[in-house]
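Encoded as structure tokens, the structure appears first; notes follow it.
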Amino acid sequence: MINIGFGANLILGFLLILGVTILYSVRIVRPELSRDEDIFFTTLGLVYSCILIIHGWRLDPILLFSQVLIVSLCLAAGWENIRLRGLVAKRVKNQVKTDTKELTNNFE
């Protein structure tokens with residue numbers, strides 16, 4: 642039986658869809674930050690959010706609260722992961738510039 646009703650499960654499902662779509666769009670916007678496993682995590686997130694939207698009406702309040710906590714932790718960890726990828730990419734870029742300058746100075 643499929644019963645889609647407006648509730649916390651619908652909001653949570655759409656929030657998760659938005660989060661994994663942003664994770665996938667990093668691949669297009671900033672390709673240096675993307676990893677191959679992002680496609681896998683995006684697929685898992687979309688399947689999980691569809692299950693939440695379609696079958697979330699059956700969740701007891703405590704189970705819904707646990708799903709809210711899990712989704713919140715996953716979105717926060719994903720945000721931090723992308724932020725750290727940006728910092729690493731920036732540091733590598735600066736290191737390459739420094740190494741290039743040192744090499745050109747050694748040849749002069």
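Heads up: the sequence shown is residues 642 to 749, going by this note's numbering. The beta-carbon is built from N, C-alpha and C at its ideal position, and this holds for glycine as well.
I694 is positioned such that its CB atom lies no closer than 8 Å to that of L656.
The three-state reading of DSSP puts I658 in helix, counting H, G and I together.
In the three-state reduction of the DSSP assignment, I645 falls in the coil class, being assigned neither a helical nor a strand state. Take the alpha-carbon of G646 and the one of L674: they are about 37 Å apart. Per DSSP, the unbroken alpha helix (DSSP H) holding E678 starts and ends at 678–696.
Cα atoms of L704 and G686: separation of roughly 18 Å, rounded to the nearest angstrom.
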